[in-house]
């Protein structure tokens, strides 16, 4: 008796595909945060724009905080380094 041929199952989406393609931050929490802060509806383009800008903000804070830690001879970023960034640079208030 010949074995049955397996049907081609649709390919599973990778974890990367569930995210916002070119971005690292997942989209769902961004949508939730926006809606919790007054947004009624968000387009995918609007959400991606928020994600991109948020990633830029995080990268800038991390870079400047890393430089502050390095100036004190450390590799580890501490909360005080981030606080110094906020005082010395124009960052959005939290």
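Numbering (the working numbering), first residue to last: 10 to 103.
Think of the CB as a built atom: it goes at the ideal place given N, C-alpha and C, for glycine as much as any other residue.
The model shown is predicted, which means the values in this text are computed figures rather than measured ones.
Going by beta-carbon coordinates alone, are residue i and residue j separated by less than 8 Å?
{"i": "residue 91", "j": "residue 70", "result": "yes"}
{"i": "residue 67", "j": "residue 75", "result": "no"}
{"i": "residue 36", "j": "residue 56", "result": "yes"}
Alpha helix (DSSP H) containing residue i: first to last residue?
{"i": "residue 35", "result": "No alpha helix (DSSP H) contains residue 35, which DSSP labels as neither H nor E."}
Under the three-state reduction of DSSP, which class applies to residue i: helix, strand or coil?
{"i": "residue 81", "result": "coil"}
{"i": "residue 86", "result": "coil"}
{"i": "residue 49", "result": "coil"}
Does the distance between the C-beta of residue i and the nearest non-hydrogen atom of the ligand GDP fall short of 7 Å?
{"i": "residue 96", "result": "Of ligands this structure carries none, so the ligand GDP is not represented either."}
Let me confirm a value: residue i is counted as buried when at least 16 other C-beta atoms fall within 10 Å, else exposed. Which label applies?
{"i": "residue 53", "result": "exposed"}
{"i": "residue 42", "result": "exposed"}
{"i": "residue 98", "result": "exposed"}
{"i": "residue 58", "result": "exposed"}
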